[in-house]
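Heads up: the sequence shown begins at 1 in my numbering, then just goes up one per residue. Every residue gets a Cβ at the ideal spot worked out from N, C-alpha and C, and that includes glycine.
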Amino acid sequence: MAQADGATRTVIMTVDDDPGVSRAVARDLRRRYGASYRIVRAESGESALQALRELKLRGDLVAVILADYRMPQMNGIEFLEQAMDVYPGARRVLLTAYADTDAAIDAINVVDLDHYLLKPWDPPEEKLYPVLDDLLGAWRAGDHRPVPSTKVVGHRWSARSSEVREFLARNQVPYRWYSAEEPEGRRLLSAAGQDGERLPVVITADGTPLVEPEAPELAARVGLATTPAADFYDLVVIGGGPAGLGAAVYGASEGLRTVLVERSATGGQAGQSSRIENYLGFPDGVSGGQLTERARRQASKFGAEILTAREVTGLEASGAARIVRFSDGSSIAAHSVILATGVSYRQLAAPGTDDLTGCGVFYGSALTEAAACQDHDVYIVGGANSAGQAAMFLSRGAKSVTLLVRGRSLTASMSHYLIRQIEETPNIRVRCGTVVESAHGDGHLERLTLRGEHGSTELVDAQWLFVFIGAAPHTDWLDGTVLRDERGFILAGPDLTPDGRPPAGWELDRPPYHLETSVPGVFVAGDARAESAKRVASAVGEGAMAVMLVHRYLEQS
């Protein structure tokens with residue numbers, strides 16, 4: 001069994017099957033290097049390999065491995081040969097008796113041995129420490145930067161790998177990506193006991209491997225809150241986009257026991273934006289991720305709970321309480337609810353796009369893929385601000401960016417400042433009156449068929465297609481609960497009383513408040529509301545206004 005002292009320092013490992021020798025080596029190493037290095041000792045090659053795999057999964061660094069030559073089951077050369085597969089950069093030392101020097105010399109060719117030491121090594125000041133000092137100096141001269149806690153091993157053209165990376169990035173969880181086809185990725189898979197058939201594999205900070213994890217498990221393992229702290233609240237906010245975050249900030253800051261529930265990642269569509277330049281107070285622009293993270297921290301500072309990877313599937317009124325039900329069958333209750341579920345981009349109807357989603361076809365900005373677009377031709381579908389912001393961001397590294405716009409111009413749907421920036425960017429081209437007819441590729445996107453406004457088609461090479469079209473509200477789960485328009489957007493306030501009469505089933509003496517739905521005490525804010533402005537600033541404002549109306553509702557209840 002491997003033993004260690006310390007917890008966070010770079011490792012020096014020693015392996016010897018003789019317990020007395022093992023302790024003596026570790027004692028001498030600890031005396032000289034214990035303040036700067038973590039000393040790990042093992043008494044068999046197999047236990048040492050297991051310790052190395054655990055260190056690898058946790059992202060720890062190993063500088064030097066000292067192994068005794070004469071060990072049963074697995075001798076020192078055999079052990080070092082396997083250790084190379086786990087930590088190829090670690091310096092390797094063989095401890096030998098005088099009679100085994102020929103074997104040590106042979107090991108130089110087999111395992112690229114750095115040094116062999118004759119036993120006994122006393123005095124260590126003359127025979128051990130100078131050798132180790134040189135080896136540690138050589139190791140430090142290389143690039144051995146610590147790896148972020150969470151590691152993701154996957155395939156470039158794996159839809160699930162892309163989803164996991166996007167989930168971690170949007171939830172501000174630091175991680176490092178490893179391709180399963182590259183040596184370090186293969187080493188991590190081997191350390192996790194995986195053959196790469198099931199990807200991605202996520203290795204958490206404590207070294208636990210998760211194979212093809214679903215969002216709730218992944219969220220819980222990387223430290224995101226997924227379980228409510230209470231059963232009853234003053235306010236439940238459903239959705240973590242700008243409207244939901246705005247509501248959480250104002251609700252919590254004004255003394256309401258507030259919980260925000262998000263099914264994926266806070267920020268909504270705005271959180272995926274590479275640059276927002278027309279939001280009040282940010283004259284130099286701000287990324288959606290930065291704005292989201294500031295709002296999230298602000299809400300937490302005021303005491304709002306934020307639950308991630310929890311899908312809401314039901315809402316019902318039970319007396320004065322409003323019951324919110326989750327997909328796992330659990331529920332929470334509150335005096336009031338704000339629906340801030342936002343919208344998602346509509347799916348392309350073009351043949352081939354469904355099969356290639358996550359494998360070259362992406363909905364939204366997929367900022368985790370931006371680095372891979374370097375020097376490639378990128379296509380973007382859409383003519384609104386989100387598409388323009390993505391085009392500007394991707395143009396920094398892409399060979400070319402082509403905006404495919406169904407309409408005749410950008411002026412009807414995109415802000416003037418963005419149109420001007422696009423016109424001034426030489427590697428962005430706008431093709432109006434053009435749609436994607438079909439997508440082609442074997443395992444990943446390779447070509448697109450484009451159709452122009454006069455019906456002519458063109459086949460183009462393409463590995464990257466980002467889609468920003470339309471807005472489909474996340475409200476199907478509310479069918480039969482609150483009134484919605486024909487497109488699924490939630491009706492509220494004056495839209496519920498076009499003829500001056502309250503909606504069917506409305507039992508209060510007053511009409512619905514401005515953002516109140518057909519269920520008293522349930523409000524809507526942001527893009528999910530019918531006829532909303534679909535802008536970040538207006539969504540934040542509606543979240544704040546909804547909280548004001550919640551106070552009014554609670555005072556009169």
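Residues near residue i in its chain [Cβ-Cβ closer than 6 Å; skip 5 each side]
{"i": "threonine 313", "result": "Arg325, Ser327, Trp477"}
{"i": "alanine 2", "result": "Since pLDDT at alanine 2 reaches only 49, below the 50 mark, its modelled position is unreliable, and the value read off the structure follows with that caveat. If we look at alanine 2 and ignore the five residues flanking it on each side, its Cβ neighbours are Val40, Ala42, Ser47, Ala51."}
{"i": "alanine 321", "result": "Ala333"}
{"i": "serine 562", "result": "Since the first and last residues shown for the chain are 1 and 557, residue 562 lies out of range."}
{"i": "arginine 406", "result": "Val435"}
{"i": "tyrosine 250", "result": "Ala544, Val547"}
{"i": "glutamate 558", "result": "Residue 558 lies beyond the stretch modelled for the chain, which goes from 1 to 557, so this question has no answer here."}
{"i": "tyrosine 363", "result": "Tyr345, Val467"}
{"i": "proline 213", "result": "Val202"}
{"i": "glycine 246", "result": "Val540, Gly543, Ala544"}
{"i": "aspartate 32", "result": "One detail in the question is off: residue 32 reads as arginine in this sequence, not aspartate. Here the set comprises Tyr129."}
Residues near residue i in its chain [Cβ-Cβ closer than 8 Å; skip 5 each side]
{"i": "aspartate 5", "result": "With a pLDDT of 46 at aspartate 5, under the threshold of 50, the predicted position of this residue should be treated as unreliable, and no value is reported."}
{"i": "glycine 388", "result": "Leu403, Leu410, Met414, Ser415, Leu418, Ile419, Gln421, Ile422"}
{"i": "glutamate 555", "result": "none"}
{"i": "phenylalanine 489", "result": "Pro473, Thr475, Ala528, Arg529, Ala530, Glu531, Ser532"}
{"i": "glycine 193", "result": "Pro209"}
Burial state of residue i, where buried means 16 or more other Cβ atoms lie within 10 Å
{"i": "glutamate 486", "result": "exposed"}
{"i": "threonine 227", "result": "exposed"}
{"i": "histidine 155", "result": "buried"}
{"i": "aspartate 17", "result": "buried"}
{"i": "alanine 7", "result": "Confidence in alanine 7 is poor, its pLDDT being 45 and thus under 50, which makes the residue's placement too unreliable to answer from."}
{"i": "lysine 301", "result": "exposed"}
{"i": "valine 460", "result": "exposed"}
{"i": "leucine 448", "result": "buried"}
{"i": "isoleucine 105", "result": "exposed"}
{"i": "tyrosine 233", "result": "buried"}
{"i": "glutamate 424", "result": "exposed"}
{"i": "aspartate 60", "result": "buried"}
{"i": "lysine 399", "result": "exposed"}
{"i": "glutamate 182", "result": "exposed"}
{"i": "glutamine 463", "result": "buried"}
{"i": "arginine 552", "result": "exposed"}
{"i": "isoleucine 12", "result": "buried"}
{"i": "serine 36", "result": "exposed"}
{"i": "serine 641", "result": "Nothing can be reported for residue 641: it is not among the residues displayed for the chain, which extend from 1 to 557."}
{"i": "glutamate 262", "result": "buried"}
Residues near residue i by beta carbon distance below 7 Å, same chain, minus five either side
{"i": "alanine 537", "result": "Tyr279, Leu280"}
{"i": "aspartate 28", "result": "Pro124, Leu128"}
{"i": "serine 386", "result": "Gln269, Ser273, Phe468"}
{"i": "cysteine 432", "result": "Val405, Gly407, Arg408, Ser409"}
{"i": "leucine 394", "result": "Ala370, Cys373, Val378, Val401"}
{"i": "glutamine 165", "result": "Note that residue 165 is arginine in the sequence shown, not glutamine. Cβ within range, chain order: Val152, Trp177, Thr368."}
{"i": "valine 572", "result": "Outside the modelled stretch of the chain, which goes from 1 to 557, sits residue 572, for which no answer is possible."}
{"i": "alanine 350", "result": "Val436, Glu437, Ser438, Ala439"}
{"i": "glutamate 629", "result": "An answer regarding residue 629 cannot be provided, because it is not within the stretch 1 to 557 covered by the chain."}
{"i": "serine 149", "result": "Gly59, Pro174, Ala205"}
{"i": "glycine 142", "result": "Gly89"}
Cβ-Cβ distance between residue i and residue j below 7 Å
{"i": "phenylalanine 567", "j": "alanine 390", "result": "What the structure shows of the chain is the stretch from 1 to 557, and residue 567 is not part of that stretch, so it cannot be assessed."}
{"i": "glycine 352", "j": "histidine 444", "result": "no"}
{"i": "valine 201", "j": "valine 211", "result": "yes"}
{"i": "arginine 91", "j": "aspartate 114", "result": "yes"}
{"i": "serine 162", "j": "glycine 358", "result": "yes"}
{"i": "serine 438", "j": "leucine 483", "result": "no"}
{"i": "leucine 188", "j": "valine 153", "result": "yes"}
{"i": "alanine 340", "j": "alanine 215", "result": "no"}
{"i": "glycine 521", "j": "serine 318", "result": "no"}
{"i": "leucine 218", "j": "serine 158", "result": "no"}
{"i": "glycine 559", "j": "leucine 94", "result": "Absent from the structure is residue 559, since the part of the chain shown begins at 1 and ends at 557."}
{"i": "proline 511", "j": "proline 503", "result": "no"}
{"i": "glycine 493", "j": "leucine 508", "result": "no"}
{"i": "leucine 168", "j": "valine 64", "result": "no"}
{"i": "threonine 14", "j": "leucine 80", "result": "no"}
Test: residue i CB closer than 7 Å to a CB of chain B
{"i": "leucine 256", "result": "Among the chains in the structure shown there is no chain B, since it carries only a single protein chain."}
(Q) Quick check: the region 40-53 against the region 83-103, are at least 3 beta-carbon pairs closer than 8 Å? (A) A contact between stretches requires three or more CB pairs, one per stretch, nearer than 8 Å, and the region 83-103 meets this requirement with the region 40-53.
**Q.** Every unbroken beta strand (DSSP E) within the region 15-80, with a cutoff of 3 residues, ordered by chain
**A.** Here the runs fully enclosed are 38-42, 62-68.
Q. Curious, which full-length beta strand (DSSP E) runs of at least 3 residues does the region 347-404 contain?
A. Counting whole runs of 3 or more residues, the region 347-404 contains the beta strand (DSSP E) stretches 361-363, 377-381.
Q.
Below 8 Å, how does it come out for the region 257-268 and the region 233-240: are there three or more Cβ pairs, yes or no?
A. With the cut-off at 8 Å, the region 257-268 and the region 233-240 touch.
Q) Is the region 130-142 touching the region 157-176 in the sense that three or more CB pairs, one from each, lie closer than 8 Å? A) Not touching, per the Cβ criterion.
Q: Return the chain-ordered ranges of every beta strand (DSSP E) run that is complete within the region 258-287 and spans a minimum of 3 residues.
A: Counting only runs of 3 or more, we get 258-262.
Q) Just checking, does the region 526-534 make contact with the region 497-504 on the three C-beta pairs under 8 Å criterion? A) Contact between the region 526-534 and the region 497-504 is absent: fewer than three C-beta pairs spanning the two stretches fall below 8 Å.
(Q) So, does the region 301-310 touch the region 371-379, judging by three or more C-beta pairs under 8 Å? (A) No contact exists between the region 301-310 and the region 371-379.
Q: Enumerate, from N- to C-terminal direction, the unbroken alpha helix (DSSP H) stretches of 4 or more residues contained entirely within the region 120-178.
A: Restricting attention to alpha helix (DSSP H) runs no shorter than 4 residues, the region 120-178 encloses them at 124-127, 129-141, 159-170, ordered along the chain.
Q) Which runs of the beta strand (DSSP E) fall wholly inside the region 443-496 and span at least 3 residues, in chain order? A) Complete beta strand (DSSP E) runs here, min 3: 447-451, 457-461, 464-467.
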